[in-house]
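Read the structure below first, then the notes.
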Amino acid sequence: MTLFRLNDHIHFMNLTVQLAKFTLENNETPVACIFVNKKNKNIISYGMNKTNENLNGISHAEFIAIDKLINDKNIDYNFNDIIVYVTVEPCIMCASALKQLGINYIVFGCGNERFGGNGTVLSIHNDNSTINESSSSMTIIPGILRKECIFLLRLFYYKENDTAPTPRSKKNRNLDKNEFPNIDWNLYLNELQFKKLFGHENLNNFKIKNDINECQNINWDLFENNEITAKREVNIIEYLDSLIKETNPNNNYKN
1 MTLFRLNDHI HFMNLTVQLA KFTLENNETP VACIFVNKKN KNIISYGMNK TNENLNGISH
61 AEFIAIDKLI NDKNIDYNFN DIIVYVTVEP CIMCASALKQ LGINYIVFGC GNERFGGNGT
121 VLSIHNDNST INESSSSMTI IPGILRKECI FLLRLFYYKE NDTAPTPRSK KNRNLDKNEF
181 PNIDWNLYLN ELQFKKLFGH ENLNNFKIKN DINECQNINW DLFENNEITA KREVNIIEYL
241 DSLIKETNPN NNYKN
């Protein structure tokens with residue numbers, strides 16, 4: 001496996017947050033994921049929540065990305081070699097599906113307080129019942145661009161959701177840009193695992209339930225200006241498609 005450093009995780013989560021922002025702009029819950037080949041750091045698939053578009057409660061980002069990958073015969077992949085970057089901790093259903101496929105490396109932004117399957121509610125990755133032995137040892141890295149991912153969800157709940165069964169008026173709600181909840185690292189990692197992933201310099205953040213140093217200040221540029229799309233004059237979908245095509249020349253990847 002190619003060595004992935006913290007900067008790599010932040011880079012790919014940056015793209016994933018931009019994809020989730022695109023999802024929000026298209027009236028979906030802002031959850032998105034990107035699949036990266038851990039052998040060469042190439043992006044090979046991506047997915048966005050499409051529950052509103054498909055009128056299907058299980059059209060989660062992870063399933064969309066899996067379907068795209070399976071249906072594209074021109075991309076060479078092995079599920080064991082995939083790192084999943086996802087803005088919100090996979091739900092129990094998605095966490096189980098990823099594990100059963102043999103995906104053993106998940107990086108996420110914020111926890112899923114109601115349905116989290118990788119530590120917040122259940123720890124599917126530590127469950128011995130699996131049909132794929134290669135997923136028995138999994139790497140879970142939480143908290144990458146956590147505040148950005150939380151803020152995307154706040155944006156979603158701040159605006160009206162016309163597809164909700166009983167839409168609630170949100171005119172009197174305030175969009176909080178300053179206060180963010182603590183992260184209980186113990187739900188996902190022990191102290192030794194945390195130190196190995198984030199370094200001794202971050203160890204105090206583990207104890208006080210704070211974000212790691214590299215992710216404490218929210219990157220407002222992700223919301224005000226899209227650096228990649230501005231530079232390349234394409235939207236995030238076109239950019240990701242171009243990356244996949246560059247690394248898989250025979251690929252006819254379409255969103």
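To convert, note that position 69 of the sequence shown is 69 in the UniProt record's numbering; the numbers rise steadily by one, no gaps.
Beta carbons: idealized from backbone N, C-alpha and C, even for Gly.
Considering only N42, D76, T23 and N78, the residue with the shortest C-alpha distance to T51 is T23.
By the Cβ rule, the segment 76-91 counts as touching the segment 103-110, because three or more pairs are nearer than 8 Å. A straight line joining the alpha-carbon of A97 with that of S242 spans about 28 Å. In the DSSP assignment, Y105 is bridged to T139. Counting along the chain, T87 sits inside no alpha helix (DSSP H); it lies in the beta strand (DSSP E) bounded by residues I82 to V88. Here F180 carries a coil assignment [DSSP, helix/strand/coil]. For the set L3, D72, T29 and F194, the Cα lying nearest the Cα of R154 is the one of T29. Taking C-beta separations shorter than 8 Å and ignoring five residues to either side along the sequence, the partners of L69 in its chain run F35, I44, S45, I75 and Y77, following chain order. Collapsing the DSSP output to three states places S96 in a helix. Using a Cβ-Cβ distance cut-off of 8 Å, the segment 181-196 and the segment 140-154 are in contact, since at least three pairs of beta carbons, one from each stretch, lie closer than that value.
When the alpha-carbon of S137 is set against those of F194, K99 and F223, the nearest one is in K99.
Residue environment analysis places R146 among the buried positions, since at least 16 neighbouring C-beta atoms fall within 10 angstroms of its C-beta.
Straight-line measurement puts the Cα of N178 at about 34 Å from the Cα of N104. The DSSP-derived three-state label of V17 is helix. The three-state reading of DSSP puts F63 in helix, counting H, G and I together. Selection I64, F206, V86 and F151 evaluated against L222 yields F151 as nearest (Cα-Cα).
Residue burial is scored here from C-beta neighbours: D176 has fewer than 16 other C-beta atoms within 10 angstroms and is therefore classed as exposed. In its chain, beyond the 5 residues on either side, M1, N37, K38 and K39 have a beta carbon closer than 8 Å to the beta carbon of D81.
With 16 or more other Cβ atoms from the protein chains shown falling within 10 Å of its own Cβ, D211 counts as buried.
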